[in-house]
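The structure appears below as structure tokens.
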Amino acid sequence: QVQLAESGGGLVQAGGSLRLSCAASGRTVSTDVMGWFRQAPGKERELVVTVTWSGYTYYADSVKGRFTISRDNAKNTVYVQMNSLKPEDSAVYYCAARRVYNSNYEWWGHGTQVTVSS
3 QVQLAESGGG LVQAGGSLRL SCAASGRTVS TDVMGWFRQA PGKERELVVT
53 VTWSGYTYYA DSVKGRFTIS RDNAKNTVYV QMNSLKPEDS AVYYCAARRV
103 YNSNYEWWGH GTQVTVSS
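Counting in my numbering, the sequence shown runs without a single skipped number right up to 120 at its last residue.
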């Protein structure tokens, strides 16, 4: 099993920045792909960014150029630097992980709230 613990959410004004962290523990060898999802009230959960063990990244179009995901394999931690935040970025952000051969994310954190005020 893998446990994921997010931190770094909070309240920020539009145009500001936040950095989210996700620390994995347990069977971390299984965290081939780690990503961040977000879910705003009344909306479906959406994939925001992902990073593989080797550093390959994916960004949703809505965050390209503003968010940067990075991974410290030695610390089993993933970070997402969020710059130029917009009110529409407000959501609960969830860290998730899966093994490379599984298309579904297998482990999830509890989520951290990000609120961007206009």
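Ideal Cβ placement from N, Cα and C applies to all residues, glycine included.
If you reduce the DSSP assignment to three classes, tell me which class Thr114 lands in.
Looking at Thr114 - three-state DSSP - the assignment turns out to be strand.
Please state whether the Cβ-Cβ distance between Val53 and Val31 is less than 9 Å.
No, these two residues do not count as a Cβ contact at 9 Å.
Indicate whether Val116 and Ala93 have their beta-carbon atoms separated by less than 9 Å.
For Val116 and Ala93, yes; Cβs fall inside 9 Å.
When you compare each of Gly57, Tyr95 and Ala62 to Arg121 by their alpha carbons, which one comes out closest?
With the chain covering 3 to 120 only, the question about residue 121 has no answer from this structure.
Kindly indicate the opening and closing residues of the beta strand (DSSP E) around Ser9.
That run of the beta strand (DSSP E) goes Val4 to Ser9.
What are the boundary residues of the beta strand (DSSP E) that includes Leu13?
Unbroken beta strand (DSSP E) run through Leu13: Gly12 to Gln15.
Within the same chain, show all residues whose beta-carbon is closer than 8 Å to that of Val14, passing over the 5 residues directly before and after it, in chain order.
Taken in chain order, the residues that qualify are Leu20, Leu87, Val116, Thr117, Val118 and Ser119.
Going by DSSP in three states, Ser23 sits in which element: helix, strand or coil?
In the structure shown, Ser23 sits in a strand (DSSP, three-state: E or B).
Considering only C-alpha positions, which residue in the set Asn104, Phe39 and Trp55 is nearest to Gly111?
Selected option, being the one with the closest Cα: Phe39.
Secondary structure at Glu48, three-state DSSP: helix, strand or coil?
Three-state result, Glu48: strand.
Closest by CA to Arg68, which one among Gly17, Ala7, Gln5 and Gly10?
The shortest C-alpha separation from Arg68 is found at Gly17.
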